Ligand code: ARG
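In the numbering used here, the protein residues as written are 8 to 418.
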């Protein structure tokens, strides 16, 4: 029986050298490549296909944009960011891993392989999904201790189709939700990058624009009155908000294994949608819901960063998020200005807000509360602080005094 292995294939150096290694070192008879579309630029698919052809590798391209976009919008309902990063790479990994597993099952594979190193997060995110199956999980780069230099030499020796010079470029990971750039000079945290590292955003010019986003139960559903499916909405906002320089972040990121790395990201749509969603929650949720939800959100983001969005904890968190977000329906006006996407207006039929109650001009606010009702509350407010201060003052005044005039103390 021929043993087949499915390889997460991008056409880059790491995954290219994995193809012969899976046969030579792991004894597989056949390797199939799987490239999953989560919104990478077209050139990346062209590169993958070209490399595969030169390798004689059969590649399956799976379109997972819709599934990925849905997950991104779940992240919006959870106001999810990790150390300021909206999780583009992180959220894509379980979607990619699942799509590869599905192909592997359909193709009768017995193994799954990725080209991740032993230093990063992606190995953990991929394997969390894969190890839930009966397949053998293989990580040649990590297991064989490969370095870029070794890979380069090996590729040359084997005459593998790897683009020369590619090694000197930034390491870039792009999908619908974010574009991340790392490597080269950026590895030095004090290095101030120039405009050349950005591709989705242009530096703010002073121009401004206002847009209107409509939400239903916490999900964005329309832009400027036009209904849009998640993928289209995200792509449209990336272009629009990106043209105002929205969504650049430079993060000192703590990876799961403890390594600290410097990451630069662009995520115009994510920033816009996250700000708008949180702005609308501010209008419709009670104070208690908002403050408790920050804990739920934080936990969701943590699991999202770890690539564990399918576990029971996340399902339970989502039950809370879904319940609170039943009322997160309404419209938010966002202004792109100075590289920011700022909430400048919001409305909802569920607003926990009464202009009458908050106004300085009306006396009887909701029909059952009047200004003077606050008097008793105002008397009690700070009661414990007053008692504590009084006790401290009293204790000091009655403490015995020594010859030196100092308070007798335990030394
Ligand atoms: N630090 C990001 C994460 O773990 C991944 C960034 C990947 N970026 C790259 N340029 N290879 O989610």
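Think of the CB as a built atom: it goes at the ideal place given N, C-alpha and C, for glycine as much as any other residue. All of these numbers come straight from a predicted model, not from anything done at the bench.
With distances taken from CA atoms, which of the options is nearest residue i?
| i | options | result |
| --- | --- | --- |
| residue 225 | 277, 80, 405 and 402 | 80 |
| residue 217 | 338, 362, 68 and 84 | 338 |
| residue 292 | 327, 12 and 259 | 327 |
| residue 125 | 145, 108, 299 and 377 | 145 |
| residue 240 | 276, 334, 250 and 359 | 276 |
| residue 212 | 345, 388, 303 and 358 | 345 |
| residue 221 | 67, 102, 298 and 350 | 350 |
| residue 196 | 74, 49, 284 and 268 | 268 |
| residue 51 | 74, 78, 30 and 19 | 19 |
| residue 67 | 103, 324 and 360 | 103 |
| residue 232 | 223, 387, 244 and 219 | 219 |
Beta-carbon within less than 7 angstroms of residue i's beta-carbon, same chain only, minus the 5 sequence neighbours each way: which residues are those?
| i | result |
| --- | --- |
| residue 47 | 181 and 182 |
| residue 348 | 248, 253, 278, 279, 282 and 341 |
| residue 9 | 36 and 37 |
| residue 234 | 228 |
| residue 22 | 14, 15, 16 and 122 |
| residue 134 | 144 |
| residue 401 | none |
| residue 404 | none |
Evaluate residue i with the Cβ neighbour count: other Cβ atoms within 10 Å of its Cβ, from every protein chain shown; 16 or more gives buried, anything less gives exposed.
| i | result |
| --- | --- |
| residue 319 | exposed |
| residue 138 | exposed |
| residue 382 | exposed |
| residue 173 | A caution first: residue 173 carries a pLDDT of 48, below 50, which makes its placement in the model unreliable, though a value can still be read off. Residue 173 comes out exposed. |
| residue 72 | buried |
| residue 385 | exposed |
| residue 393 | exposed |
| residue 408 | exposed |
| residue 356 | exposed |
| residue 331 | buried |
| residue 284 | buried |
| residue 397 | exposed |
| residue 399 | exposed |
| residue 199 | exposed |
| residue 418 | Confidence is the limiting factor: at residue 418 the pLDDT is only 46, short of 50, which leaves the residue's position unreliable, though a coordinate-based value still follows. Exposed: under 16 other Cβ atoms inside 10 Å. |
| residue 132 | buried |
Beta-carbon separation of residue i and residue j under 8 angstroms?
| i | j | result |
| --- | --- | --- |
| residue 40 | residue 60 | no |
| residue 188 | residue 177 | yes |
| residue 256 | residue 92 | yes |
| residue 311 | residue 94 | yes |
| residue 193 | residue 28 | no |
| residue 167 | residue 24 | yes |
| residue 97 | residue 314 | yes |
| residue 238 | residue 76 | yes |
| residue 230 | residue 243 | yes |
Put residue i into one of helix, strand or coil per three-state DSSP.
| i | result |
| --- | --- |
| residue 130 | helix |
| residue 401 | helix |
| residue 199 | coil |
| residue 161 | helix |
| residue 179 | strand |
| residue 105 | helix |
| residue 312 | helix |
| residue 341 | strand |
| residue 302 | helix |
| residue 61 | helix |
| residue 111 | helix |
| residue 257 | strand |
| residue 262 | coil |
| residue 376 | coil |
| residue 173 | Confidence is the limiting factor: at residue 173 the pLDDT is only 48, short of 50, which leaves the residue's position unreliable, though a coordinate-based value still follows. If DSSP states are grouped into helix, strand and coil, residue 173 belongs with the helices. |
| residue 16 | coil |
Leaving out the 5 sequence neighbours to the left and right, which residues in its chain are closer than 6 angstroms to residue i when beta-carbon positions are compared?
| i | result |
| --- | --- |
| residue 352 | 340 |
| residue 62 | 26 |
| residue 147 | 25 and 28 |
| residue 365 | none |
| residue 69 | 43 and 106 |
| residue 90 | 258 and 260 |
Just to confirm my understanding: we take residue i, look at its own chain, exclude 5 residues before and 5 after, and list those with CB closer than 8 angstroms. What are they?
| i | result |
| --- | --- |
| residue 186 | 95, 179, 180, 206, 207, 272, 273 and 274 |
| residue 204 | 177, 188, 193 and 271 |
| residue 34 | 10 |
| residue 88 | 94, 281 and 308 |
| residue 45 | 71, 72, 75, 99, 102, 103, 182 and 183 |
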